[in-house]
Amino acid sequence: MRKYRVLIVDDSIVMRNRIATLFEQDEQFTVVGFAVNGANALDKIVELQPDLVTLDVEMPELDGLAALRQIMTFHPVPVIMLSSCTEECSNVALQALELGAMDFFQKETLFQRTQNALIEEEFLLRCKTAMRKKLFLRNETSMLGKEQSIKIHLEMLTFLLKMEEDMLHFHDELQDQIKQQNGLLVKFHQENHKFIYTTWQGSLFDRLGIKERNAVGKDLFAIFPKDKANFMAPYYQAAWDNEEVIDFETEWHGYYYLTVLRPIRRDGVITEVISLTVDITESRSMEERIRYLIHHDPLTGLPNRHGLSKWIEDAIAQQERFAVVFVNLDHFKLANETLGHDTGDRILQVMARRLKNSTMIKEVSVFRVGSDEFIGLVKHHSLAELEAFAHTIVQSINQPIRIQDHEIYMSPSIGISQYPQDDMDPDNLIRFADIAMKYAKELGGNQVQYFNSQIYAKIERRIKIEKHLRKALEKNEFILVYQPQVNLLENQIIGFESLIRWESPELGRVSPLEFIPIAEETGLIYPIGKWVLREACSQNKSWQELGFPKVSMAVNLSSKQFYEQSLKDQINSILQETGLEPQYLELEITESMTMDVQVALTTLNSFRNMGLKIAMDDFGTGYSSLSYLKEFPIHHLKIDQSFVKDISVNPTNAAIVNTIIALARNLKLVVIAEGVENEDDLKILQEFNCDTVQGYLFSRPVEAIEVPEIFDRFACNRIANT
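Per the working numbering, the sequence shown starts with residue 1, numbered consecutively.
Quick look at the structure:
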């Protein structure tokens with residue numbers, strides 16, 4: 001028994017050993033060597049002359065696809081591709097098969113945590129199938145499609161004919177070629193309106209009981225069943241009547257065949273037709289596999305986006321009531337990055353299975369349309385039935401997932417659009433369900449939202465804001481306004497808080513509450529935040545140069561800015577550029593930014609070492625632990641205005657504010673009460689010994705041109721009080 005020599009190419013020693021162990025299960029294979037990358041593989045193929053190569057897709061120094069291209073060009077040998085990819089796996093498989101690979105396997109499927117004997121047996125069987133096929137027809141016929149297959153067969157046929165016609169001693173070589181290709185070479189001529197076989201060489205139809213001795217001298221209809229002969233006869237006639245090359249495909253007893261007919265002329269007259277037939281069953285299977293990969297997600301096995309529109313169009317044509325249910329997993333990206341992509345893939349597989357299980361009693365088709373996005377197309381008879389189905393999905397996804405030592409909890413944001421009430425266009429129905437899903441996510445997730453005109457207006461507004469926000473900075477549409485912070489004991493300004501405003505020519509004035517979250521989500525917060533820092537520092541330095549008192553300028557940091565690696569260098573650069581001394585810049589953070597205590601401590605200490613001031617904004621609304629608060633290098637504690645407002649008539653808020661002020665004094669922190677709007681509230685704050693206040697009672701946020709007047713007003717008040 002012949003042993004097949006295998007070369008294993010993979011950059012992972014663990015994976016090389018696992019693949020080798022797999023081949024050791026079958027005595028027909030022997031591993032003759034290993035290669036660690038594509039370049040190394042080319043050398044090993046020349047050196048070892050393997051019968052089969054397993055080739056990893058993802059490798060350094062010439063990846064698998066690049067190596068495959070060179071192998072097919074310079075050292076043709078059957079190649080089995082292996083890949084650990086999940087996203088876009090069908091594209092990788094398609095590329096590999098087009099380049100000449102015999103087969104494609106996903107490593108996660110092949111090497112499961114629990115050994116799967118059936119899958120391993122299938123892998124070894126398909127490797128043997130690859131070995132039984134020769135490269136000449138395999139590359140072109142199996143992988144490049146019918147048109148290219150015909151071209152290659154013609155080239156081969158022409159070559160064989162020339163050999164046969166030119167020199168008789170090439171006859172044995174002709175037989176070998178046919179045998180190697182598992183083909184059938186036939187010659188026939190027309191006699192009394194019948195097609196009589198004169199030559200029948202090859203064992204292709206041996207399995208069907210048709211041998212050479214039974215075919216030569218017989219008519220087409222005497223050899224093949226009537227239905228097959230009736231199908232083939234017009235092609236035979238066309239080849240006999242013309243010089244055109246004819247090709248056709250047939251199916252017989254579950255096998256598929258490609259036949260190429262070429263007429264032969266002698267002295268200007270067609271005297272016979274030569275036919276080459278090859279088995280393309282494996283090619284058809286490969287095409288079906290490629291078609292499956294194109295239309296299905298390889299990770300979950302669910303159909304992908306390709307089939308969505310057709311399903312909807314068919315349902316519309318049948319005038320059936322249905323809904324598009326768009327499902328997104330909340331916080332999946334965080335779980336994927338925290339627990340690793342392997343765990344993330346497992347989560348997606350579990351969720352796909354749960355979604356499929358939820359469809360067992362419904363007319364539902366489930367598709368995977370994005371990384372963590374799924375669409376269910378649901379035929380239903382009432383809104384109550386649809387609501388019950390959506391509730392089932394939420395409950396199913398909310399169940400914990402146990403992967404290794406992790407117990408993982410996921411939740412969905414679900415958006416639903418309905419036909420025909422929401423729209424009658426397939427693309428719009430999908431888009432509206434997506435819009436409703438995004439609205440569910442904006443509301444905190446783990447809920448279901450049905451599309452309606454109000455949601456559409458909100459999302460459209462958000463899309464418009466994002467669109468214009470991307471150009472707002474370069475169009476100079478942002479301005480800073482400044483609100484003074486007043487020391488109550490000395491009745492003087494100790495600083496200003498800078499606040500960003502956006503005046504859009506298209507949208508009008510847009511609230512920071514609207515555009516800041518969008519800026520954070522899109523990453524635009526980085527250039528916008530940098531602009532705010534530079535503008536605020538430059539303005540403060542300008543006031544100092546005009547002779548106004550040197551006071552702090554407070555700048556709010558977003559959470560993304562706070563954790564940006566380059567923030568410290570940015571601030572240093574801006575301070576040098578503007579000439580502002582660091583003690584006159586105060587960075588305002590919120591409690592939620594300090595949830596990762598160790599990272600927050602490191603960052604805040606680096607700011608303190610630079611000489612910057614630090615304020616904790618909106619205190620009382622976040623998650624700070626008091627045990628850590630005393631560790632943070634904070635200068636100012638700002639009480640959120642939601643507690644300060646109406647403390648003169650709200651005893652609960654008054655008690656909270658009094659407690660925060662007492663806490664701050666014990667920690668030797670300066671308290672700034674925000675949102676002071678009337679004398680009664682101010683009086684209560686003074687009774688509580690509050691240090692500093694900020695609010696409309698003293699000044700609304702104003703543009704830079706109005707700040708000198710505020711300085712002058714407080715200077716006059718001090719003189720009058722003196």
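Glycine included, C-beta positions come from ideal geometry on N, C-alpha and C.
Straight-line CA distance for residue i to residue j?
i	j	result
L473	K530	11 Å
I223	T250	15 Å
K638	K441	30 Å
L65	V92	8 Å
V364	N357	10 Å
S558	V327	29 Å
F451	Y439	9 Å
L612	V599	18 Å
Y563	V53	47 Å
G675	V644	6 Å
V486	D372	50 Å
L293	F367	14 Å
M595	E466	28 Å
L663	G579	36 Å
I710	L513	27 Å
F74	N40	14 Å
G38	R69	10 Å
G254	E282	11 Å
T277	R305	38 Å
I647	D617	19 Å
K218	N230	16 Å
Return helix, strand or coil for residue i, following the three-state DSSP convention.
i	result
S699	coil
Q492	strand
E173	Residue confidence for E173 is low, a pLDDT of 49 falling below 50, so the modelled location carries little weight; the figure read from the coordinates is stated next. E173: helix per DSSP, three-state reduction.
L629	helix
K441	helix
Y292	helix
M81	strand
I634	coil
M131	helix
D103	strand
Q201	strand
V448	strand
P76	coil
G508	strand
K645	coil
D56	strand
Who pairs with residue i in a beta bridge, going by DSSP?
i	result
D247	V260
N487	Q492 and T692
S552	G495
N666	None; N666 has no bridge partner.
G183	V278
H189	I196
H406	I403
V327	F374 and I414
V671	L637
G33	L7
E272	I264
Y482	S498 and V702
I614	L587
W252	Y255
G38	Beta-bridge pairing links G38 to no other residue.
Y322	With the sequence shown as reference, residue 322 is identified as Phe, and Tyr is not the correct amino acid for it. According to DSSP, which records beta bridges pairwise, F322 is partnered with K379 and Y419.
Just mark residue i as buried or exposed, buried being the case when its beta carbon has 16 or more other beta carbons within 10 Å.
i	result
D680	exposed
Q565	exposed
C537	buried
I705	exposed
I280	buried
I463	exposed
H636	buried
Q454	exposed
S592	exposed
R713	exposed
Below 8 Å on the Cβ atoms is my guess for residue i versus residue j; work out the distance and round it to an integer in Å.
i	j	result
E703	I479	7 Å
L299	L348	6 Å
I459	I430	With a Cβ gap of about 14 Å, I459 and I430 do not count as contacting.
I397	V324	Incorrect: roughly 18 Å between the Cβ atoms, too far for contact.
M72	A96	Going by Cβ atoms, the distance from M72 to A96 rounds to 11 Å, so no, they are not a contact pair.
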